[in-house]
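*Asks:*
Number of protein chains: 2
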Amino acid sequence: MSKKNNEKLSVFALGGVGEIGKNMYVVQYANDIVVVDAGLKFPEEDMLGIDIVIPDISYLVENQDKVRGILLTHGHEDHIGGLPYILKQLKVPVYGTKLTLGLVEAKLKEANMLGETKRILINADSELQLGTIKASFFKTNHSIPDSVGVCLDTPEGTVVHTGDFKFDQTPVNGQYADLHRMAEIGRKGVLMLLSDSTNAERPGFTGSERSVGAELEEVFRKARQRVVVATFASNIHRIQQVIDAAESTHRKVTVIGRSMVNVVTIASELGYLNIPEGMLIEPEEVNRMAADRVVILSTGSQGEPMSALTRMARSTHRKVDILPGDTVIIAATPIPGNEKFVGRTVDELFRLGANVIYGPGSVSGVHVSGHGSQEELKLMLNLMKPKYFMPIHGEYRMLRQHGLLAESVGVDKEDIFIVDIGDTVEVQNGVARRGAKVQSGNVLIDGLGVGDVGNIVLRDRKLLSQDGILVVVVTLSKQEGNILSGPDIISRGFVYVRESEGLLDEANRIVTGTLNKLMNENVNEWASLKTHVKDALGRFLYEQTRRRPMILPIIMEV
Amino acid sequence: MSKKNNEKLSVFALGGVGEIGKNMYVVQYANDIVVVDAGLKFPEEDMLGIDIVIPDISYLVENQDKVRGILLTHGHEDHIGGLPYILKQLKVPVYGTKLTLGLVEAKLKEANMLGETKRILINADSELQLGTIKASFFKTNHSIPDSVGVCLDTPEGTVVHTGDFKFDQTPVNGQYADLHRMAEIGRKGVLMLLSDSTNAERPGFTGSERSVGAELEEVFRKARQRVVVATFASNIHRIQQVIDAAESTHRKVTVIGRSMVNVVTIASELGYLNIPEGMLIEPEEVNRMAADRVVILSTGSQGEPMSALTRMARSTHRKVDILPGDTVIIAATPIPGNEKFVGRTVDELFRLGANVIYGPGSVSGVHVSGHGSQEELKLMLNLMKPKYFMPIHGEYRMLRQHGLLAESVGVDKEDIFIVDIGDTVEVQNGVARRGAKVQSGNVLIDGLGVGDVGNIVLRDRKLLSQDGILVVVVTLSKQEGNILSGPDIISRGFVYVRESEGLLDEANRIVTGTLNKLMNENVNEWASLKTHVKDALGRFLYEQTRRRPMILPIIMEV
Chain A
1 MSKKNNEKLS VFALGGVGEI GKNMYVVQYA NDIVVVDAGL KFPEEDMLGI DIVIPDISYL
61 VENQDKVRGI LLTHGHEDHI GGLPYILKQL KVPVYGTKLT LGLVEAKLKE ANMLGETKRI
121 LINADSELQL GTIKASFFKT NHSIPDSVGV CLDTPEGTVV HTGDFKFDQT PVNGQYADLH
181 RMAEIGRKGV LMLLSDSTNA ERPGFTGSER SVGAELEEVF RKARQRVVVA TFASNIHRIQ
241 QVIDAAESTH RKVTVIGRSM VNVVTIASEL GYLNIPEGML IEPEEVNRMA ADRVVILSTG
301 SQGEPMSALT RMARSTHRKV DILPGDTVII AATPIPGNEK FVGRTVDELF RLGANVIYGP
361 GSVSGVHVSG HGSQEELKLM LNLMKPKYFM PIHGEYRMLR QHGLLAESVG VDKEDIFIVD
421 IGDTVEVQNG VARRGAKVQS GNVLIDGLGV GDVGNIVLRD RKLLSQDGIL VVVVTLSKQE
481 GNILSGPDII SRGFVYVRES EGLLDEANRI VTGTLNKLMN ENVNEWASLK THVKDALGRF
541 LYEQTRRRPM ILPIIMEV
Chain B
1 MSKKNNEKLS VFALGGVGEI GKNMYVVQYA NDIVVVDAGL KFPEEDMLGI DIVIPDISYL
61 VENQDKVRGI LLTHGHEDHI GGLPYILKQL KVPVYGTKLT LGLVEAKLKE ANMLGETKRI
121 LINADSELQL GTIKASFFKT NHSIPDSVGV CLDTPEGTVV HTGDFKFDQT PVNGQYADLH
181 RMAEIGRKGV LMLLSDSTNA ERPGFTGSER SVGAELEEVF RKARQRVVVA TFASNIHRIQ
241 QVIDAAESTH RKVTVIGRSM VNVVTIASEL GYLNIPEGML IEPEEVNRMA ADRVVILSTG
301 SQGEPMSALT RMARSTHRKV DILPGDTVII AATPIPGNEK FVGRTVDELF RLGANVIYGP
361 GSVSGVHVSG HGSQEELKLM LNLMKPKYFM PIHGEYRMLR QHGLLAESVG VDKEDIFIVD
421 IGDTVEVQNG VARRGAKVQS GNVLIDGLGV GDVGNIVLRD RKLLSQDGIL VVVVTLSKQE
481 GNILSGPDII SRGFVYVRES EGLLDEANRI VTGTLNKLMN ENVNEWASLK THVKDALGRF
541 LYEQTRRRPM ILPIIMEV
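From first to last, the protein sequence lines stand for chains A and B. For what it's worth, the UniProt record's numbering labels the leading residue of the first sequence as 1, then goes sequentially. For what it's worth, the UniProt record's numbering labels the leading residue of the second sequence as 1, then goes sequentially.
#1: If B/Asn141 sits next to B/Ala177, beta carbons under 8 angstroms apart, how far is it from one beta carbon to the other, in whole angstroms?
#2: Check whether the Cβ atoms of B/Ile416 and B/Ala406 sit closer than 7 angstroms, and answer yes or no.
#3: Among A/Ile54, A/Pro43, A/Met47, A/Gly49, which one has its Cα closest to the Cα of A/Asp37?
#4: Residue range of the beta strand (DSSP E) that A/Pro336 falls in?
#5: B/Lys134 bridges to which residues according to DSSP?
#6: In whole angstroms, what separates the C-alpha of B/Leu463 from that of B/Met550?
#7: CB A/Thr316 to CB A/Pro283, shorter than 7 angstroms?
#8: Please confirm whether B/Gln302 has its beta-carbon closer than 7 angstroms to some beta-carbon of chain D.
#9: Span of the beta strand (DSSP E) holding A/Gln28?
#10: Hey, out of A/Gly451, A/Phe494, A/Gly359, whose CA is closest to B/Ala200's CA?
#11: Determine the DSSP secondary structure at B/Tyr85, reduced to helix, strand or coil.
#12: For A/Thr117 versus A/Leu103, is the C-beta spacing smaller than 7 angstroms?
#13: Could you say which of A/Lys378, A/Ser491, A/Ala313 lies nearest to A/Leu349 if we only look at CA atoms?
#14: Hey, quick one: how far does the beta strand (DSSP E) through B/Phe389 stretch, first residue to last?
#15: At least one CB of chain B closer than 7 angstroms to the CB of A/Gly454: is that the case?
#16: Helix, strand or coil for A/Ser298 per DSSP?
#17: Starting from A/Ile185 and walking both ways along the beta strand (DSSP E), at which residues does that stretch end?
#18: For A/Gln225, name the three-state secondary structure that DSSP assigns.
#19: If you draw a straight line from the alpha carbon of A/Lys3 to that of A/Ala30, how long is it in whole angstroms?
#20: If we count Cβ pairs, one from each stretch, closer than 8 angstroms, do we get three or more for the stretch 298-308 of chain B versus the stretch 266-275 of chain B?
#21: Measure how close the beta-carbons of A/Asp153 and A/Ile133 come, nearest whole angstrom, since I'm counting them as under 8 angstroms.
#22: Taking the beta carbon of A/Asp125 as the centre, do at least 16 other beta carbons fall within 10 Å, making it buried, or is it exposed?
#23: In chain B, which residues lie with their C-beta within 9 angstroms of the C-beta of A/Phe12?
#24: Which bits of chain A does B/Asp467 rub up against, with CB to CB less than 7 angstroms?
#25: For A/Arg434, report the span of its beta strand (DSSP E) as first-last.
#26: Could you name the residues of chain B that A/Glu557 contacts, counting a contact when the two beta carbons are closer than 8 angstroms?
#27: Candidates A/Glu156, A/Ser465, A/Met556, A/Phe137: which alpha carbon is nearest A/Val148's?
#28: Hey, which unbroken runs of the alpha helix (DSSP H) at 4 residues or more fall wholly within the stretch 13-83 of chain B?
#29: Just to confirm, is the Cβ distance from B/Gly441 to B/Asp46 under 7 angstroms?
#30: Suppose you measure from the CA of A/Leu72 to the CA of A/Ser259; what does that come to, to the nearest Å?
#31: Are the C-beta atoms of A/Glu395 and some chain B residue less than 7 angstroms apart?
#32: Considering only C-alpha positions, which residue in the set B/Glu277, B/Gly21, B/Tyr25 is nearest to B/Val425?
#33: Verify whether the separation of the beta carbon atoms of B/Ile329 and B/Val438 is less than 7 angstroms.
#34: How is B/Asn355 classed by DSSP in three states: helix, strand or coil?
#35: Using a Cβ-Cβ cut-off of 6 angstroms (strictly less than) and excluding sequence neighbours within five positions of A/Glu7, which residues of its own chain qualify?
#36: What is the rounded straight-line gap between the Cα of A/Val261 and the Cα of A/Gly96?
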């Protein structure tokens, strides 16, 4: 009995609070750890040269024997994208619904890891006993089918994780959020709710995906030439609606962009897309068909530089050109940080003579969010009636707003835990408090390197990007203590060399002068010579240009 | 007479079409050139290390003897910020209203150019004869006082340039847009209208600045502690309303941030700000005063990393800390591209316990735009009734939308000229057509360098920022044809060197092997040696890391 009282429930995030993306949440009771999601995020603008960012999972690796599995709420990159990296260090089973596992398997196959990973198919009715923790699920609405919330019954009480969700009262696939099961869970009692905060700043209700379908059909019908629709590759509901609108307006659809082709293939194989026979055509066929019989479904809704839409807009796509009079629909809202890229793509499309439909979904009518707004967040809170509340999935300000929403529906302020990654909330004998911090952070992936680019490398990249570099090389004689060759000065990213000969000649004279003076004074230690050269040259260049390039003095000795 | 018929009117932009900012427009008739505005813009994210961007004015410099002057519409940076650079090459008089010239003079003083620049004060009733071109003005509403539109009567007809404008029916300074003069100009006949497209994508009317005042007062009244208001330094109407709201809620105001202090000083000296005696306090006094008696007026509404608000949010401001319970008002909308910076600042402020009022003006109530929305743009078009129309001030998509608005009020499609910088529209005998292109472009300023950073330097900075640099140095013997010293490999921004010794050792062996092999084959030309080293090393590093650092082989010979 006394042992029982010492056990505690611990809930924390390794990613996904205080940031959008990289979602990973951990629920631990005694020796049983359950992980929810394993996402990646894209680098911040100060992470130069970095490809993607995953959570630091040191805590899980250290406690590997306790980790009972990773439960996936849905198949978006920010929830499954970290798996190929994480499963290399953490050999644990992965649980997901059919579509989610389908997307995971494609990912693992590409990473040559399919064989070594235990994958367990679940559905919304599954129940799993993961040590002392019993996991069950409930269906939710989101911008990808087969999304679930997770209910974890622990000896200390029930923890509910909503996953990403909205309440769509008219879902396009007829799969309603399971209000009844949520009500049942809430009735039985929820100790702690972790709920999606992405749209916590947005008043009201998020529109139904179905509203987009009618608008798409209207645009398709009016268009006299080809229609291009750019949206998120993973938004299978949207893709279905594009296909439906194409069918009812007698158009054929071609799919462009690697990720879009992948998702359409997997989703239709698994039965999540209903594509009439003969509806899909190859991109090569587009030019042979009447313009008003074609829809091009494409990636690039975020203006990503290498995406299909961006290449079409720049007339550099191998297969498809935008022609004057084509209609381009950007059926997505720019993710913060991407506004400029999207704007530029729209500009290019207009220049080509296209009619572009873009802007916030509320204006364009061709996009709705996959995340619930304030009224839906309150509805979830009222269904679950949690004792404790932890807003998840969002920047700090969104977590904060979600906290205020929870207060507004009656959750006590001191029962709301707004946490950073690594902050634990511990519950023992029904009482929650903040516990010790566990190791957490960003692991940066650059090429094949996982975590090998740290602050020093990033600082150097930043410096190099601002004012470039000057390399100063000189060969000295070990015996004579004089200059045998050089100094040679090579610069990159600093000034246009051909127009700056005078400056660089003078720089050369300063280096020679500095070295000769030092060597005459019998200063011969490399470190000292280098420091003096760096200082003298840096001072001179700053005076002349107000720039501070990185200066790399290299002394060779023969 | 035959000579007269050969003369033509030419209108073009050297900046400000197809881009926000860097505004500069040129109207030329025969040997008379009038320039409207001389702005700067801030660098795009691919212009690494660049401080600011100004227009290429080669055309004006080549025709210096014809340039009659630069007319300034108002005192914002994107209309006057290029002057210190431009006036170095172009010795022409500058015309502006009182506040505009006040701000220009502060700028020229800082650049030590006040003495050499001819400045001519105008007001909305001024008339100037600039060669064959007669310039007059009309008052407009904008987010800075003393804004005017420009009316240029030429022998070919009248060209109107609106400057930045909105129609504020209840302006806070009682200075109404001069509807009557605009009507008069329109009645007499306008050949070509150049009109502000900034908000051409936005339906309806822009709100009155006055609506912000009531909201500010309400927030000030409710706040129990200090209030921080961040807004654009140049928004003098907003600053006046902060001062008014402070007065009516018995608070004192302190001003923080260099540009805010400058503007407040100039505007109050010139009578554009009405500040009650004793209202302003020094930042040092803030901590000594009761928290509910203080307003802090600050820069940083765009989350700029070095601004006063950002430093307060990060608790690194020298004089002012944000305390739990303080209210922070961000009275501005993020400029596209700045959303993430503003978001981060809001996050930090919330973390400090502040109550933050932020978001689009339509939600927060504490901001309205200074630019007219679609209904106001149509009103301007209907007042001026131009024969030809050229939308200005905006990205291409905005110019396009403005063109559609013009069509909707009856301008013929073929009389609408959507142009890029350097595209000329020529009018001769009443007929407009596109003419030859004049030289135009971006001049990048980096430190003291004006235009010396070009594509090669930027490309190198980009490369350096992504995967860093490896410098490979080796000293060869001229006689023996062997390696005397090295190869030494120094890297920056590539990998963390201490953890990559094996990789760099192997790289070293590859360089040595490549050089020895070549020299045994009597390949001795440096260029060839360098190329082989670069290729072999590049291949090896890409295989090992999937990164492509810049490789700089340097061969010294003794």
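We put the beta carbon where it would ideally sit given N, CA and C, even for glycine. Since we're looking at a predicted model, the values are computed, not measured.
*Replies:* In this structure, then:
#1: 5 angstroms
#2: yes
#3: A/Ile54
#4: First-last for A/Pro336: undefined, no H or E at that position.
#5: B/Gln129, B/Asp153
#6: 7 angstroms
#7: no
#8: Reference to chain D is not applicable here, since the protein chains of this structure are A and B.
#9: 24-29
#10: A/Gly359
#11: helix
#12: no
#13: A/Ala313
#14: 386-392
#15: Answer yes: the Cβ-Cβ gap between A/Gly454 and chain B drops below 7 angstroms somewhere.
#16: strand
#17: Where A/Ile185 is concerned, there is no enclosing beta strand (DSSP E), although the alpha helix (DSSP H) it sits in stretches over 179-188.
#18: coil
#19: Note that A/Lys3 scores 44 on pLDDT, short of 50, meaning its location in the model is unreliable; the coordinates nonetheless yield the value given after this. A/Lys3 and A/Ala30: Cα-Cα distance of roughly 11 angstroms.
#20: no
#21: 7 angstroms
#22: exposed
#23: None at all; the shortest Cβ gap to chain B is about 18 angstroms.
#24: Gly49
#25: 431-434
#26: Ser485
#27: A/Phe137
#28: 58-62, 77-80
#29: no
#30: 20 angstroms
#31: yes
#32: The option with the nearest alpha carbon to B/Val425 is B/Tyr25.
#33: no
#34: Three-state DSSP puts B/Asn355 in a strand.
#35: Ala30
#36: 22 angstroms
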